[in-house]
Amino acid sequence: MPMVDLHLHLLPGVDDGCKTMDDTVAMARALVALGFGAAAPSPHNRPEYASREVALQRLEEVRAELARLAIPLSLDVNAENFFLDETLLSALPTPQSRRVGAAGKYLLVEAPYTSPLPQLTDVIFRMKLKGVTPIVAHPERCLEFERRGRAAEAVQSGAVLQLDVGALIGRYGKTPQRLARQLLDDGLYGIAATDLHSPVGAEQWVGESLRALLKHVGAAAFGALTETTPGLILKGQPVA
Ligand SMILES: [Fe+2]
Numbered sequence: 356m357p358m359v360d361l362h363l364h365l366l367p368g369v370d371d372g373c374k375t376m377d378d379t380v381a382m383a384r385a386l387v388a389l390g391f392g393a394a395a396p397s398p399h400n401r402p403e404y405a406s407r408e409v410a411l412q413r414l415e416e417v418r419a420e421l422a423r424l425a426i427p428l429s430l431d432v433n434a435e436n437f438f439l440d441e442t443l444l445s446a447l448p449t450p451q452s453r454r455v456g457a458a459g460k461y462l463l464v465e466a467p468y469t470s471p472l473p474q475l476t477d478v479i480f481r482m483k484l485k486g487v488t489p490i491v492a493h494p495e496r497c498l499e500f501e502r503r504g505r506a507a508e509a510v511q512s513g514a515v516l517q518l519d520v521g522a523l524i525g526r527y528g529k530t531p532q533r534l535a536r537q538l539l540d541d542g543l544y545g546i547a548a549t550d551l552h553s554p555v556g557a558e559q560w561v562g563e564s565l566r567a568l569l570k571h572v573g574a575a576a577f578g579a580l581t582e583t584t585p586g587l588i589l590k591g592q593p594v595a
């Protein structure tokens, strides 16, 4: 089964990810070479970046270009939302909220990197009440999750945690690397993703990261994190 990437900045000119369609095509080729068959590009949902409408238009343009070039990577709608966005909860579950795939049962959301997030479990709970499951992007890179037991509380509250695979090879520094290994050992991650922002070196470093993940967790858990669970999320189905 091909892998599914639910966190990457593939669309050109919408955020701090790919700048041009050439970047996008190069990134898509790298993903296919690594064994990915599907992706849900997740532009940052922030006032300084492109709107939902522009991102949707860009998604259609990239789909057409990948089809023209016969690059076998299917694409779904998505966005990387921000926990501190005051409109995030009120927009759920209206069409204005930028959820994962056509099913829209999940929402990718990132915590602040360097400030605490005491409202974490309360926000997760309120999202679940609205029928949407938050996927917490790269907790290993966020201060709140350095607090012992906080990641487990998020999972118990109903969130899915997403590993940035590059953390395993130290791409974001020593603390995220240590925390990523700890959360893997504790079985707290639901999915793994690339969070690619550029095609430069992508095949090499993501390949190295995926090999590190496979070595750390074994084939069964690797398949769950990279194929089965992200695939269920895209379809809007429940995950364990
Ligand atoms: Fe991201």
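The sequence shown maps to residues 356 to 595 in the working numbering.
All residues carry an ideal CB built from backbone N, CA and C; glycine is no exception.
Checklist entry - In this structure, does DSSP put residue 358 in helix, strand or coil? => result strand
How about the stretch 480-500 and the stretch 418-428: do they share at least three Cβ pairs that are nearer than 8 angstroms?
no
| For residue 594 versus residue 545, is the C-beta distance shorter than 7 angstroms? | yes
| message | With a threshold of 8 angstroms, are at least 3 pairs of Cβ atoms found where one atom belongs to the stretch 392-404 and the other to the stretch 564-571? | response | no
- When burial is assigned at 16 or more other CB atoms within 10 Å of the CB, is residue 503 buried or exposed? exposed
Alpha-carbon to alpha-carbon, residue 473 and residue 420 | 43 angstroms
Handout entry: Validate contact between the stretch 357-364 and the stretch 576-585 using beta carbons, cut 8 angstroms, 3 pairs
Key = yes
Could you tell me the distance, in whole angstroms, from the CA atom of residue 564 to the CA atom of residue 578?
14 angstroms
Indicate whether residue 514 and residue 491 have their beta-carbon atoms separated by less than 7 angstroms.
yes
**Message:** Beta-carbon within less than 6 angstroms of residue 487's beta-carbon, same chain only, minus the 5 sequence neighbours each way: which residues are those?
**Reply:** 447, 448, 462
Checklist entry - Going by the CB atoms, is the gap between residue 381 and residue 554 shorter than 7 angstroms? => result yes
ask   = Residues near ligand 1, CB to any non-hydrogen atom under 5 angstroms, in chain order?
value = 435, 550
State yes or no: is the C-beta of residue 495 within less than 7 angstroms of the C-beta of residue 535? yes
Inset, instruction - Sort out for me which residues DSSP pairs residue 490 with in a bridge. - result: 463, 515
Taking residue 578 as part of the beta strand (DSSP E), name the residues at either end of that continuous run.
Note, residue 578: premise wrong, no beta strand (DSSP E); alpha helix (DSSP H) at 574-578.
Exercise for review: Report yes if the C-beta distance between residue 464 and residue 436 is below 7 angstroms; otherwise report no.
Suggested key: yes
Query - Same chain, Cβ closer than 7 angstroms to residue 439, five either side skipped, listed in chain order - result: 467
- Query: Just curious, the beta strand (DSSP E) that residue 479 is in, first and last residue?
  - Reply: Segment 475-484 is the alpha helix (DSSP H) holding residue 479; no beta strand (DSSP E) there.
Flag this pair as yes or no: are the beta carbons of residue 402 and residue 369 separated by less than 7 angstroms? no
- For residue 560, which residues of its own chain have a beta-carbon under 8 angstroms away from its beta-carbon, when the five flanking residues on both sides are left out? 521, 524, 526
Buried or exposed: where does residue 450 fall if 16 or more other Cβ atoms within 10 Å of its Cβ makes it buried?
-> exposed
Query - For residue 384 and residue 453, believed in contact at Cβ under 8 angstroms, the rounded distance - result: Rounded, the Cβ-Cβ distance is 26 angstroms, inconsistent with contact.
Extent of the continuous alpha helix (DSSP H) run through residue 545
Per DSSP, residue 545 belongs to no alpha helix (DSSP H); it is in the beta strand (DSSP E), 544-548.
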